[in-house]
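Numbering (the numbering used here), first residue to last: 36 to 512.
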RNA sequence: GGCGACGUAGCCAAGUGGCUAAGGCAGCGGUCUGCAAAAUCGCUAUCACCAGUUCGAUUCUGGUCGUCGCCUCCA
């Protein structure tokens, strides 16, 4: 089956083919670890996970690399000259490196809870400064970089393809220049971006600092992704993923400095995940449909959901209800809907596991639909529809030989269906005896005893379902 | 101000130039059932509005209204 993926560069779905047969070099823009990731951030990583799992499903080996940007960045408060991480460090009275490591740990913990497979390579920006410096030196050699008293910049006019990805002209960017942004007067073009900041002026007291040919300072944003992706994956990547906000700044910059340094194509397929937007979360919340943001007051972490009693995988399930290139509107109602949907899927696999059966020919049609859906630019809503149609058909026909199919689908879905089914149907002798005893009582129409046994079992976390062909049960916790 | 995206049932959302406009959640009614739970069947959409192209538009084009995003080191 051919896999088609939407390439932001061409704004079209394209049939995917990798540079090396059977192997996809994939780079995912990772977190900036100066704060907790919110569920909107996490949606992007679920998207990348689905992409990687789909590639694997179709037989590719996927060495995925993800950066951890632990170099501090500026605050949006131009006056302070503080760094976001430094600010956070001060607030919590902790060492800045500790802070970065803390948020990194929490991030990967969230990733694990969401059943996102960890990347083959995680790389920290602070551990690759020499590679970044080497990259900047190459940009000097090739005439793309220049130095001012404050920093080293990439001259965007030396790279004509700069606007290819963003499709936003430099003139447009020019008019966008905001008057309260502190500009370096020596900058040649407003769109030029920093490759290296010197520890002077507003950055005089910057904590994270390294030596460089341009004096002590710290790397600009963007550079770490170029340096690290090329270090681990080579000069040309198959796929580069990130959030849709990166289409206009981060990725054009990354692309420019990478291609500027190597003269080679940097990325074959650029893929971007759309934002989660937040609907009305409470009655006194007037605004609607805002993006989730650290400064928007609608900051929901995965832990927030867990505290409210949701399974992290229910959030994963929720993310499948919308296509990755479409905004997904988050409300508590939609979260509840996802939780219910995921629960009934888990109920089904527990039921199917108990009843069992051979896979019948009709299942193939649903397998085809599922595969067709994921191969069509990761259409998870349709893939999920295929799953739901499969289980409805199984219930209707009372033919439950569908677990192999569901477990295959779960290689992409990552909803832990096998684990869930096994857990739900694991019992000890005591429980099995009680269930048998109750069946005897029911056969004798001793309803009082049957109900009492059901109650006891319920207290032990066992839920019973009496059907025409016998009693089914499952563990509910 | 510049650029872009989107507006499909109570909610979250797929999709298509014409055949019954997926799926989930919620709701209502029926079947099944000792009860419970589940399952199953049925019901709930003039696809934002206006005009154009077309034999035919929810799908294409233009406009209007609304929402959102980016241009700010936010996925």
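Yeah, the Cβ is synthetic: ideal placement off N, Cα and C, and Gly gets one too.
Classify residue 339 as buried or exposed, calling it buried when 16 or more other Cβ atoms lie within 10 Å of its own Cβ. Locating residue 339 in the first chain gives position 304, counting from the first residue. Its Cβ having fewer than 16 others within 10 Å, residue 339 is exposed.
Cross-strand partners of residue 365 (DSSP beta bridge): For the purposes of this step, residue 365 is identified with residue 330 of the first chain, where counting begins at 1. According to DSSP, which records beta bridges pairwise, residue 365 is partnered with 313.
With a cut-off of 8 Å, do at least 3 Cβ pairs link the stretch 76-83 to the stretch 140-153? These segments touch.
Option nearest residue 337 by Cα separation, candidates 350, 176, 259, 131: The residue labelled residue 337 in the question sits at position 302 within the first chain. Nearest C-alpha to residue 337: 350.
Paired residues, beta bridge with residue 482 - DSSP: Reading the first chain from its first residue, position 447 is the one you call residue 482. Bridge partners of residue 482: none, in fact.
For the alpha helix (DSSP H) holding residue 416, just list the boundary residues, first then last. Residue 416 sits at position 381 when you count from the first residue of the first chain. Residue 416 -> alpha helix (DSSP H) spans 415-432.
If you draw a straight line from the alpha carbon of residue 101 to that of residue 360, how long is it in whole angstroms? Along the first chain, read from residue 1 onward, the residue named residue 101 stands at position 66. Along the first chain, read from residue 1 onward, the residue named residue 360 stands at position 325. Going by the C-alpha atoms only, they are around 21 Å apart.
Please state whether the Cβ-Cβ distance between residue 269 and residue 87 is less than 8 Å. By one-based count along the first chain, residue 269 stands at place 234. By one-based count along the first chain, residue 87 stands at place 52. Contact: no.
What are the start and end residues of the alpha helix (DSSP H) that includes residue 132? Counting from 1 along the first chain, the entry for residue 132 is found at position 97. Residue 132 -> alpha helix (DSSP H) spans 131-148.
Nearest to residue 412 by alpha carbon, out of 503, 230, 304? Here residue 412 is taken as the residue at index 377 of the first chain, counted from 1. Ranking the options by Cα distance to residue 412, first place goes to 304.
Determine whether the beta carbon atoms of residue 296 and residue 177 lie at a separation below 8 Å. The residue you call residue 296 lines up with position 261 of the first chain. The residue you call residue 177 lines up with position 142 of the first chain. The answer is yes: Cβ separation under 8 Å.
For the beta strand (DSSP E) that residue 273 lies in, which residues bound it at each end? Translated into the one-based positions of the first chain, residue 273 becomes position 238. Counted as a single uninterrupted DSSP element, the beta strand (DSSP E) harbouring residue 273 occupies residues 272-278.
I'd like the list of long-range same chain contacts for residue 410, defined as Cβ closer than 6 Å, with 5 residues on each side in sequence excluded. The count along the first chain starts at 1 and reaches residue 410 at position 375. Excluding sequence neighbours, residue 410 sits near 36, 38.
With distances taken between CB atoms, is the gap from residue 263 to residue 358 smaller than 8 Å? Position 228 of the first chain, counted from the start, is the residue given in the question as residue 263. Position 323 of the first chain, counted from the start, is the residue given in the question as residue 358. Judged by their CB atoms, residue 263 and residue 358 are not nearer to each other than the 8 Å cut-off.
Can residue 291 and residue 194 be called in contact, C-beta distance under 8 Å? Translated into the one-based positions of the first chain, residue 291 becomes position 256. Translated into the one-based positions of the first chain, residue 194 becomes position 159. In this structure, residue 194 lies closer than 8 Å to residue 291 by Cβ.
Taking only three categories from DSSP, how would you classify residue 67? In the first chain, counting from the first residue as 1, residue 67 sits at position 32. Three-state DSSP puts residue 67 in a strand.
To the nearest angstrom, how far is the alpha carbon of residue 52 from that of residue 444? Taking the first chain and counting its residues from 1, one reaches residue 52 at position 17. Taking the first chain and counting its residues from 1, one reaches residue 444 at position 409. Counting only the Cα atoms, residue 444 lies some 22 Å from residue 52.
Could you spell out the range, first to last residue, of the alpha helix (DSSP H) harbouring residue 292? Stepping through the first chain from its first residue, residue 292 is reached at position 257. Run containing residue 292: 285-297, per the alpha helix (DSSP H) assignment.
Counterpart residues of residue 226 in DSSP-defined beta bridges: The residue you call residue 226 lines up with position 191 of the first chain. Answer by DSSP bridge pairing: none, since residue 226 is not bridged.
Can you grab the Cα-Cα spacing for the pair residue 436 / residue 402, in whole Å? Residue mapping note: residue 436 aligns to position 401 of the first chain, counting from 1. Residue mapping note: residue 402 aligns to position 367 of the first chain, counting from 1. One C-alpha to the other measures close to 13 Å.
Looking only at DSSP bridge pairs, what is residue 411 linked to? By one-based count along the first chain, residue 411 stands at place 376. Bridge partners of residue 411: 39.
Select from 135, 446, 484, 382 the residue whose C-alpha is nearest the C-alpha of residue 508. Counted from its first residue, the first chain places residue 508 at position 473. Selected option, being the one with the closest Cα: 382.
Is it buried or exposed, residue 257, if we count other Cβ atoms within 10 angstroms and call 16 or more buried? Locating residue 257 in the first chain gives position 222, counting from the first residue. By the neighbour-count rule (16 or more Cβ atoms within 10 Å), residue 257 is buried.
Once the 5 residues before and after residue 214 are set aside, which same chain residues still bring their CB inside 7 Å of it? Here the question's residue 214 lines up with position 179 in the first chain. Note on residue 214: pLDDT 46, under 50, position unreliable in the model; the coordinate value appears next. Correct list: empty, nothing qualifies.
Supposed close pair residue 168, residue 247 - CB separation, criterion 8 Å: Counted from its first residue, the first chain places residue 168 at position 133. Counted from its first residue, the first chain places residue 247 at position 212. Confirmed, Cβ separation roughly 5 Å.
Here's a check: name, in chain order, each residue in its chain whose Cβ is nearer than 6 Å to the Cβ of residue 462, leaving out the five neighbours to either side. By 1-based counting over the first chain, the position of residue 462 is 427. Closer than 6 Å at the Cβ level, and outside the excluded window around residue 462, lies no residue.
Straight-line Cα distance separating residue 417 from residue 439: Residue numbering aside, residue 439 sits at position 404 when the first chain is read from its first letter. Residue numbering aside, residue 417 sits at position 382 when the first chain is read from its first letter. Between residue 439 and residue 417, the C-alpha separation is close to 19 Å.
Report yes if the C-beta distance between residue 230 and residue 62 is below 8 Å; otherwise report no. The residue given as residue 230 occupies position 195 in the first chain. The residue given as residue 62 occupies position 27 in the first chain. Going by C-beta atoms, residue 230 is not nearer than 8 Å to residue 62.
Closest to residue 29 by C-alpha separation, out of 457, 489, 458, would be which residue? The chain is shown only over 36 to 512; residue 29 falls outside these bounds and no answer can be derived.
Determine the DSSP secondary structure at residue 371, reduced to helix, strand or coil. If you number the first chain from 1, residue 371 lands on position 336. Three-state result, residue 371: helix.
Tell me the rounded alpha-carbon separation between residue 138 and residue 65. As a first step, residue 138 must be located in the first chain, where it is residue number 103. As a first step, residue 65 must be located in the first chain, where it is residue number 30. Rounded to whole angstroms, residue 138 to residue 65 spans 12 Å at the Cα level.
Using beta-carbon positions only, say whether residue 299 and residue 235 come within less than 8 Å of one another. As a first step, residue 299 is located in the first chain; it is residue number 264 there, counting from the start. As a first step, residue 235 is located in the first chain; it is residue number 200 there, counting from the start. Contact flag unset, no.
Identify, in the order they occur along the chain, each residue of the same chain with its Cβ nearer than 6 Å to the Cβ of residue 98, setting aside the five sequence neighbours on each side. By 1-based counting over the first chain, the position of residue 98 is 63. Sequence-distant Cβ neighbours of residue 98 in its own chain, meaning closer than 6 Å and more than five residues away, are 155.
Take residue 327 and list the residues in its own chain whose beta-carbon comes closer than 6 Å to its own, dropping the five residues that flank it on each side. Indexing the first chain from 1 puts residue 327 at position 292. 73, 75, 311, 313, 333, listed in sequence order.
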